[in-house]
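Comments concern the structure below.
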Amino acid sequence: MTQNFVQMRELSLHILDVVENGITAGGNCIWIEVEESRKKDQLKIVIRDNGRGMPTEKMKNINDPFITSRTTRRVGLGLSLLAAAAERCDGTLRVDSQPGKGTEVAATFRYHHIDRAPIGDMAATVTTLIIGNPGIDFVYSHRVDGKDFSLDTREIRTEMEDLSLSDPVVIHHLTESIRSALKALATGVDNFEP
Amino acid sequence: MAKLTIDDLKKIKEKTAKETSLRDGPASIKITVHMGTCGIAAGARDVMSALMEEMAAADRQDIRVVASGCMGMCSSEPNVTIETESSEPIVYQLMDSNKMRQVFKRHVLLGEVQSDFALAKM
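Structure follows, in structure tokens:
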């Protein structure tokens with residue numbers, strides 16, 4: 000594969016992309032886990048959906064961009080790009096899928112590998128997903144060296160009462176809250192101001 | 000464990016309540032940001048973020064935003080489709096955050112189609 004192959008600039012963009020796949024697969028709840036273990040030199044990203052899953056024969060060719068069940072075009076790139084990104088950094092991509100139950104995609108990277116793309120703006124990824132997919136719930140957890148942050152839109156929806164997660168003003172404030180929480184995680188500060 | 004707590008949500012709610020009135024009623028304008036692999040790689044998330052900011056500033060209750068997949072025209076991504084009651088859907092191509100702001104202010108709010116950025120009428 001040539002090195003000027005298409006690349007996503009941020010891992011958060013890969014996450015956005017793979018999550019959209021899960022939604023297309025008919026899931027109504029998506030779990031996103033990011034685990035940064037700087038001491039162990041490992042970064043792990045897990046994306047799980049409760050969609051319709053994939054049949055076994057599809058799984059064999061999961062990284063082949065020319066095998067796709069989509070109908071809009073004949074090439075499927077999302078997982079192939081993520082697999083390439085992981086393998087470039089001495090990592091792996093694993094996909095587990097059960098028809099009728101859902102699919103789990105897990106990518107690992109060597110954290111300090113020179114080719115590892117930055118995680119990027121996870122707050123924008125999460126809130127873009129929330130606003131663009133009003134009927135879908137998201138559970139997001141992000142761990143950095145044992146400290147973690149989590150968000151569950153099912154809980155948020157019950158707490159927010161009359162306010163809606165499709166309100167852009169809510170989304171704006173939510174984005175800022177997540178951003179400062181993640182910044183606090185990365186710098187090791189416990190408290191954050193929403 | 001850091002978590003988005005009830006207090007945080009209350010703070011968001013207070014801030015939000017000051018800035019908006021209750022949003023109900025039917026949507027008369029639909030904005031679709033196409034977010035397939037191709038769109039995301041070309042910058043669709045930045046387009047969506049800019050759109051969110053403009054939406055928050057405009058405080059209009061009749062505009063709905065949705066994300067959708069690839070339309071099959073990957074080379075013209077990021078694509079954005081605007082559907083209003085008064086005209087046929089317009090697909091914009093090669094969008095970025097500035098173009099999105101312009102399209103929102105002129106087309107969505109004022110009804111002036113920005114044909115320089117348009118790919119097609121549907």
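Chains as they are written, first to last, in numbering that gives the first Met the number 0: chain P, 0 to 193; chain R, 0 to 121.
Here a beta-carbon is modelled for each residue, glycine too, at the ideal position from N, C-alpha and C.
- With its beta carbon less than 8 Å from one in chain R, P:H172 belongs to the interface.
- Any Cβ of chain R closer than 8 Å to the Cβ of P:P117 would place that residue at the interface, and such an atom is absent.
- Relative to R:H106, the option among R:L3, R:I30 and R:G68 whose CA is nearest is R:I30.
- Around R:A117, the same chain offers I89, V90, Y91 and Q92 as residues with beta carbons nearer than 8 Å, after the five sequence neighbours per side are excluded.
- Beta-bridge pairing by DSSP links P:Y139 to P:I31 and P:L150.
- The CB of R:L8 comes closer than 7 Å to the CB of I155, E158 and M159 in chain P, given here in chain order.
- At a cut-off of 8 Å between beta-carbon atoms, R:K14 makes contact with chain P.
- Taking 8 Å as the threshold, the shortest C-beta distance from R:V64 to chain P falls below it.
- In the pairwise beta carbon analysis, the stretch 116-128 of chain P is classified as touching the stretch 46-56 of chain R: at least three pairs are separated by under 8 Å.
- P:L78 and R:G38 have their alpha carbons spaced roughly 15 Å apart.
- Not one beta carbon of chain P lies nearer than 8 Å to the beta carbon of R:V90.
- Cβ-Cβ distances below 8 Å link R:S85 to G110 in the same chain, with the five nearest sequence neighbours on each side left out; the list follows chain order.
- Take the alpha-carbon of P:D16 and the one of P:L76: they are about 10 Å apart.
- Between P:A84 and chain R, the shortest Cβ-Cβ separation is not below 8 Å.
- Separation of R:D115 and R:K14 (C-alpha to C-alpha, rounded to the nearest whole angstrom) is 38 Å.
- Any Cβ of chain P closer than 8 Å to the Cβ of R:I28 would place that residue at the interface, and such an atom is absent.
- Here the alpha carbons of R:E53 and P:S165 stand approximately 14 Å from one another.
- The alpha carbon of P:I46 has as its nearest neighbour, out of P:D114, P:K146, P:F137 and P:I170, the alpha carbon of P:F137.
- Close CB contacts of R:A66 within its chain, under the 6 Å cut and outside five residues either way in sequence, are with V32 and M34 (chain order).
- Contact check between the stretch 34-43 of chain P and the stretch 152-161 of chain P: fewer than three CB pairs, one atom from each, fall below 8 Å, which does not count as touching.
- Your pair P:E19 and R:G68 checks out as a contact, with CB atoms roughly 7 Å apart and the cut at 8 Å.
- Proximity of R:T36 to chain P, defined by a Cβ-Cβ separation below 8 Å, is satisfied.
- For the options P:W30, P:G99, P:V125 and P:A85, the alpha carbon positioned closest to that of P:R51 is the one of P:G99.
- Listed in chain order, the non-local C-beta contacts of P:T91 below 7 Å within the same chain comprise A85 and T107, local neighbours out to five positions each way being set aside.
- Contact between R:P77 and R:A41 is confirmed by a C-beta separation of about 5 Å, below the 8 Å threshold.
- Using a Cβ distance threshold of 8 Å, P:A185 and P:V125 do not count as a contacting pair.
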